[in-house]
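Q:
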Amino acid sequence: MLVLSRRVGERLLIGDDIVITVIEVRSDGVRIGIDAPREISVNRAEVIEAVTAANVEATTADEGAVDALRRLRSPGKPPAAPRPPTAS
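All letters in the sequence shown, in the order written, are residues 2 to 89 by our numbering.
Right, here's the structure in full:
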């Protein structure tokens, strides 16, 4: 990781087409501006982490949901024995 000191108004160049400008420095944080081509995705890490965690949680089905799906798939038959959870 490269660590640099910058003052308000100073810029960093990444490659030929990404410019990061220090906009404001406050006691509780730093505001930066990012100028990058539209095809480059710029996201806050905590947002990506929250979305990833929500997606993982959404794909995890509890046994009640699995049993309900089994009953819908084969009405009149008793549900099959639950499978042991797999390691992920």
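Each residue gets a CB set at the ideal place from its N, CA and C atoms; glycine is no exception.
Based on the DSSP secondary-structure assignment, which residues constitute the bridge partners of residue 13?
A: In the DSSP output, where bridge partners are listed per residue, residue 13 has 21.
Q: When the Cα atoms are used, what is the spatial distance from residue 9 to residue 15?
A: Each residue's Cα considered, the two are about 18 Å apart.
Q: Determine which residues share a DSSP beta bridge with residue 63 and list them.
A: DSSP, once it has assigned bridges, lists no residue as partnering residue 63.
Q: With distances taken from CA atoms, which of 17, 67 and 22 is nearest residue 5?
A: Checking every option, the nearest Cα to that of residue 5 belongs to 22.
Q: Do residue 46 and residue 18 have their CB atoms nearer than 8 Å?
A: For residue 46 and residue 18, no; Cβs fall outside 8 Å.
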